[in-house]
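Listed in order, the protein sequences are those of chains A and B. Per my numbering, the first sequence starts with residue 1, numbered consecutively. Per my numbering, the second sequence starts with residue 116, numbered consecutively. Glycine residues also receive a C-beta, built at the ideal position from the N, C-alpha and C atoms. Remember, predicted model here, so these are calculated numbers, not experimental data.
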Amino acid sequence: KAGVTQTPRYLIKTRGQQVTLSCSPISGHRSVSWYQQTPGQGLQFLFEYFSETQRNKGNFPGRFSGRQFSNSRSEMNVSTLELGDSALYLCASSRKGTGGFDEQYFGPGTRLTVT
Amino acid sequence: GQQVMQIPQYQHVQEGEDFTTYCNSSTTLSNIQWYKQRPGGHPVFLIQLVKSGEVKKQKRLTFQFGEAKKNSSLHITATQTTDVGTYFCAGEGAGNNRKLIWGLGTSLAVNP
């Protein structure tokens, strides 16, 4: 079974631009979560989608948004990029949709650098 | 808000020594998960603990969930260089507080 895939793997943007990252979950997984990982801050939860609906949201500004499509693929968008947005963005999918979080399967991440 | 504190932040051991990382939550958890992230890699699921006082073992790794379901630990016996990486705990809040809150991780370095 193919794992979680994320595209692109690396991205360089300049301040003020916007960016869209993509995540394809494992086949059959309907829950997709997004995380921002920076040195010293660990994994910061951005949001979780299930059946095209955002179920949970972390404490990030409105510049960070996401969506999920009917095939469970998900995208996240960051508008008006700031230098502090430079990070590894990880997507994780899980099989279980209700009754609590199941094992999270992570993709390789997208390394975003904002200059 | 709910927080999960993980200590220590870094640990440097000689190969063969034991290693333990601890997670403490400010609130009761419904369950806790542990992940390992190798340098340059992504987090990989190790285990999930659900029951109060639960203890699970995976070869040299022993995982515990506290009686009050507010703390957990991961103990590695006789570390090997393959154990190098960052170990994260992630706790899910109880009741309607359905969020997975991550500790900051413990980075383990092992000297051969």
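task: Report the rounded CA-to-CA distance for Thr-5(A) versus Cys-23(A), giving the unit in angstroms.
output: Position 5 of the first sequence, counted from the first residue, corresponds to residue 5(A). Position 23 of the first sequence, counted from the first residue, corresponds to residue 23(A). Cα to Cα, the separation comes out at about 6 angstroms.
message: Comparing C-alpha positions only, which one of Met-120(B), Gln-121(B), Glu-132(B) sits nearest to Ala-193(B)?
response: Counted from its first residue, the second sequence places residue 193(B) at position 78. It is Glu-132(B).
message: What does the Cβ neighbour count give for Phe-69(A), buried or exposed, with the cut at 16 atoms within 10 Å?
response: In the first sequence, residue 69(A) corresponds to position 69, counting from 1. Answer is exposed; the Cβ neighbour count stays below 16.
- prompt: When you check each C-beta in the stretch 31-46 of chain A against every C-beta of chain B, which residues fall closer than 7 angstroms?
  reply: For the stretch 31-46 of chain A, which is checked against every Cβ of chain B, the residues closer than 7 angstroms are Gly-42, Leu-43, Phe-45.
query: Exposed or buried, Thr-136(B), counting other C-beta atoms within 10 Å across all chains shown (16 or more means buried)?
result: As a first step, residue 136(B) is located in the second sequence; it is residue number 21 there, counting from the start. By the neighbour-count rule (16 or more Cβ atoms within 10 Å), Thr-136(B) is buried.
field: Best match in Gln-54(A), Gly-40(A), Thr-80(A) for proximity to Leu-46(A) [C-alpha to C-alpha]
entry: Here residue 46(A) is taken as the residue at index 46 of the first sequence, counted from 1. Per the Cα distances, Gln-54(A).
message: What residue range does the beta strand (DSSP E) around Gln-18(A) cover?
response: Locating residue 18(A) in the first sequence gives position 18, counting from the first residue. Gln-18(A) -> no beta strand (DSSP E), and no H or E assigned at all.
field: Test: Leu-219(B) CB closer than 8 angstroms to a CB of chain A
entry: Counted from its first residue, the second sequence places residue 219(B) at position 104. Yes, Leu-219(B) counts as interfacial toward chain A.
task: Give the residues of chain B in contact with Asn-56(A), contact being defined as C-beta atoms less than 9 angstroms apart.
output: For the purposes of this step, residue 56(A) is taken as residue 56 along the first sequence, with counting starting at 1. Those are Arg-213, Lys-214, Leu-215, listed as they occur along chain B.
query: When DSSP labels each residue in this structure, what does Thr-80(A) get in the three-state scheme?
result: Start at 1 with the first residue of the first sequence, and residue 80(A) comes out as number 80. Note: Thr-80(A) maps to coil in three-state DSSP.
task: For Gln-179(B), go through chain A and note every residue whose CB falls closer than 8 angstroms to its CB, in chain order.
output: Here residue 179(B) refers to the residue found at position 64 when the second sequence is read from its first residue. Correct list: empty, because the minimum Cβ distance to chain A is about 19 angstroms.
- prompt: His-127(B) touches chain A at which residues, Cβ-Cβ below 8 angstroms?
  reply: For this step, residue 127(B) is matched to residue 12 along the second sequence. Residues of chain A passing the Cβ test: none, with the nearest at roughly 17 angstroms.
CB of Val-32(A) within 8 angstroms of CB of Ser-72(A), strictly: As a position in the first sequence, residue 32(A) is number 32, starting the count at 1. As a position in the first sequence, residue 72(A) is number 72, starting the count at 1. Yes, Cβ-Cβ distance for Val-32(A) and Ser-72(A) is below 8 angstroms.
message: Please identify the residue among Gly-181(B), Ala-183(B), Thr-201(B) whose C-alpha is closest to the C-alpha of Leu-161(B).
response: For the purposes of this step, residue 161(B) is taken as the residue at position 46 of the second sequence. When only C-alpha atoms are compared, the closest one is Thr-201(B).
message: Out of Gln-129(B), Thr-221(B), Ser-187(B), Val-159(B), which one is the CA nearest neighbour of Pro-227(B)?
response: Locating residue 227(B) in the second sequence gives position 112, counting from the first residue. When only C-alpha atoms are compared, the closest one is Gln-129(B).
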